[in-house]
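J.:
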Amino acid sequence: MGVPWWPMRLAGPQGVVLRPLKRADAEEFAEVRVANRDWLQPWDATLPGADVPSGASAGEVPDSDEVLSGSALQSALREERAAFHSMRRALQSQA
């Protein structure tokens, strides 16, 4: 049971397309989130009741100058993917 306008897909005049996330987007979404972590931090939500230092977002690496590579990068990507899938499951359960 759906509505004719969902999922909505918006196309801008310069070829930019805005559409809902898909499962196939998860890996690229996680990589972009990690790559832009510092810029996105002011808009990131924190977990209610979580022990998060003032001014820090949930899951933030304490040393913001740290360059992630190797296993640290893989770990960060796994965390981002888990968050993406948690959001998706929550949205599906509300539908």
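Note that the working numbering gives residue -13 to position 1 of the sequence shown, counting from 1, and the numbers run on in steps of one.
For every residue, glycine included, the Cβ atom is placed at its ideal position computed from N, Cα and C.
Run through DSSP, which three-state label would residue 77 get?
T.: helix
J.: Could you please give the first and the last residue of the uninterrupted alpha helix (DSSP H) stretch that includes residue 12?
T.: 12 to 21
J.: Exposed or buried, which one is residue 58 when buried takes at least 16 other CB atoms within 10 Å?
T.: exposed
J.: Could you say if the stretch -5 to 4 and the stretch 12 to 19 meet the contact criterion of at least three C-beta pairs nearer than 8 Å?
T.: no
J.: Does the distance from the CB of residue 20 to the CB of residue 69 come in under 9 Å?
T.: Between residue 20 and residue 69, the CB-CB gap reaches or exceeds 9 Å.
J.: Assuming residue 67 and residue 10 form a contact by the criterion Cβ under 8 Å, report the distance between their Cβ atoms to the nearest whole angstrom.
T.: Not a contact, Cβ separation roughly 12 Å.
J.: In whole angstroms, what separates the C-alpha of residue -9 from that of residue 71?
T.: 24 Å
J.: Is DSSP giving residue 26 helix, strand or coil here?
T.: helix
J.: I'd like the list of long-range same chain contacts for residue -4, defined as Cβ closer than 6 Å, with 5 residues on each side in sequence excluded.
T.: 4
J.: If you draw a straight line from the alpha carbon of residue 30 to that of residue 22, how long is it in whole angstroms?
T.: 11 Å
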